[in-house]
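According to full-length UniProt numbering, the sequence shown is numbered sequentially starting from 1.
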Amino acid sequence: MGAQLPRRPRLPRPGRAPARRPRPARRGRLDLLRPRLDPGDRRGVRAPDRHVRARVRPPERARRGDPVTGDAVLALDLGTGGCKATLWSADAVCLADAVVPYPTSHPAPGRNEQRTSDWWQAVVTAVRRLAEAVPDTAGRVAAVGLSGQSLGVVQVGAAHETLRDATPIWSDIRATAQAEELFRTVDERSWYEHTGNGFTPALYPLVKAAWLRQDDPAAWARTRYLLGSKDWLNLRLTGEIGTDVSYASGSGALDIRAGRYDVDLLAAAGLDPGLLPEPRPSTDVLGGLSPAAAGELGLRAGTTVVLGAVDNACMALGSLTWTDGAIYAALGSSSWITVSASQPLVEWSARPYVFRHAVEGQFLSALSTFSSGTSLEWLRELVAPDLTSAEFIGLGAAAASRTDGPVFLPMLAGGTPLEGGAGARGAVVGLDLATGRADLARAALEGIAFALRRSLDRMRELSGTSADVLLTGGGSRHDGWNQIYADILGVPLVRTTVDQQAATLGAAAIAFVGSGLWSSFEPVDAAHVSVAEYVPQPSAAEHYARLRARFDALVADLAPRGS
């Protein structure tokens, strides 16, 4: 990684769009994002060696010397809104991608379900679309790699049949009563510090499974496996059962440091340990594509399928976040700050959520704004339904920022413990008769950035890193908002051509390594081409310090009592 970074893109003067001179980042991009740690800081991260390589254990199939044919990898990301399929070449070029949505149903308050049959149909459609775009897709695909939404729990029988098509997804909190029951016998703080599971406990499969058992005892009696979204799809592709350590770390039952299930926690929840597949490295080969699946997808039977990883880990890998102190911000429907470190960053007052990384020896710790883009879209539909989302963001970015204007609290879907927890609620404060929709749009853009600043500050405090922040996700495509983020976060932000493709890039990297086509994850760097850098404007610092003080005071005033 010794090559020097090409000259950074020239930054625009206020009011102008950023200069766009994309340059191949190649290996130099890692130098731009290299963590800068405070001298003598010993809080959990160390300065990475300049020539560090992600440690990779050769996968089972590659060690046996089986031939791998083809020059590309099919990456599948089973997300909340749909399936993204991307074909990546061995030199980290996106050859084609396709997105196929599927619905989420809400049969009762707190219940959010998707159908596994919808997942599969979306996968088939997306892969078929790739084949239409790229000649001889089947002949080029050497391996398949998966990314999947976390905290899933699909009931599977002994014959590998799906027992409940409609399955609770990550955001489903139907198991609140079961979580309360568990913590009558298990100390919640000890559970968090042991597992790193910092989300609302009802979200985790450990307690969702208890709800499923009570809701349908007959189906539960036939249940042989509990699988997450990615692992269910892997079963559909290969007929094999398996999971990786990154996905298992979101089960609610994994000892985050040891990387194995805690049998005492499983016993406290009344779960047989055999229901959960043993965690394996993300780069292990699960099996070959079955003839049935290959026929539906239009691919070759026997194509290598690698275990893959949870979406958080894939996105981090695709965002160049796999060495100590590396950091990225994902901007989308929800937004989060993630730091990679050689130990889990667990801390009770903020409760970062932690996943083991797909990269051996690394942990991903993060804090979220649960409804950033979602809150903005809610406001747009309310006050500017005639505008597109991009137009609404542009309206806000062009409006003047006022210290005496409205303040937007984006906790419409609850907050982290920093904002008062799941009971926190959003608000717009400071309206007057002169307030227009441009003022509201500006307040929303700033409020979402202020919420993310709280997460960034705490994650920097816990990790000791001061690295530049890489932007990913669909929300990073708006230059005006990116400058607001830079001014409020107070750090340089880097945007590359990899935004909404970060998760599939990470899944592809895992498959490239698992199939033996790559010897390390370093080629991921080649996919990142410089687009722009956003530097905090000194002239905005004092203004945003005053506005941030108003924001923080309102968060404290409106937090649920007792939080």
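Every residue, glycine too, gets a C-beta built ideally from N, C-alpha and C. Model, not experiment: these values are computed from the prediction.
- Quick one: is Arg63 buried, meaning 16 or more other Cβ sit within 10 Å of its Cβ, or exposed? Unreliable positioning characterises Arg63 in this predicted model, as indicated by a pLDDT of 38, which lies under 50. A coordinate reading is not provided.
- Could you tell me which residues DSSP pairs with Pro279 in its beta bridges? Thr243
- Query: Between the beta-carbon of Val494 and the beta-carbon of Asp468, is there less than 7 angstroms?
  - Reply: yes
- In this structure, does DSSP put Phe392 in helix, strand or coil? helix
- Can you tell me whether Thr388 is buried or exposed, with buried defined as 16 or more other CB within 10 angstroms of its CB? exposed
- Task: Have a look at the DSSP bridge pairing and note the partners of Tyr353.
- Result: Ala366
- Is Val156 near Val305, with beta carbons less than 7 angstroms apart? no
- Item | C-alpha distance - Phe408 paired with Ser365, whole-angstrom precision | 26 angstroms
- Query: When the Cα atoms are used, what is the spatial distance from Ser318 to Leu554?
  - Reply: Reading the sequence as shown, one finds Gly at residue 318 and not Ser. In a straight line, the C-alpha of Gly318 is about 36 angstroms away from that of Leu554.
- Query: If you compare alpha carbons, which of Gly110, Ala177, Leu87, Ser282 is closest to Ala133?
  - Reply: Leu87
- Message: Suppose the cutoff is 7 angstroms on Cβ atoms and the five residues either side in sequence are ignored; what does the same chain contact list for Thr185 look like?
- Response: Ala268
- Spatially closest choice to Val491 from Gly464, Tyr534, Ala502, Ala511, by CA coordinates: Tyr534
- Task: Taking all protein chains shown into account, decide if residue 572 is buried (16 or more other Cβ within 10 angstroms of its Cβ) or exposed.
- Result: The requested residue 572 does not occur in the structure, where the chain is confined to residues 1 to 563.
- Message: So if DSSP puts Val531 in a beta bridge, which residue, or which two residues, is it bridged to?
- Response: Paired residue(s): none; Val531 is not in a bridge.
- Message: Out of Ala502, Gly423, Arg546, which one is the CA nearest neighbour of Arg561?
- Response: Gly423
- Would you tell me roughly how many angstroms separate the C-alpha atoms of Val123 and Val100, rounded to the nearest one? 8 angstroms
- Message: Can you find the residues in the same chain that come closer than 6 angstroms, C-beta to C-beta, to Ala85, ignoring five residues on each side of it along the sequence?
- Response: Leu76, Ala98, Ala126, Val127, Leu130
- Looking at Ala486 and Pro523, is the spacing between their C-beta atoms short of 7 angstroms? no
- Task: Tell me, please, whether the segment 229-239 touches the segment 204-217 by the rule of three or more beta-carbon pairs shorter than 8 angstroms.
- Result: no
- Considering only residues of the same chain and omitting the five flanking positions on each side of Arg460, which have a CB-CB separation below 6 angstroms? none
- Asp97 lies in the alpha helix (DSSP H); which residues open and close that run? That residue, Asp97, is in no alpha helix (DSSP H); its beta strand (DSSP E) goes 94-101.
- Nearest-angstrom Cβ-Cβ length linking Phe521 and Trp322, presumed shorter than 8 angstroms: 6 angstroms
- Contiguous alpha helix (DSSP H) assignments of at least 4 residues, all confined to the segment 291-349: 291-297, 311-318
- Query: If you draw a straight line from the C-alpha of Trp518 to the C-alpha of Val498, how long is it?
  - Reply: 20 angstroms
- Query: What three-state label does DSSP hand Pro217 in the structure shown?
  - Reply: helix
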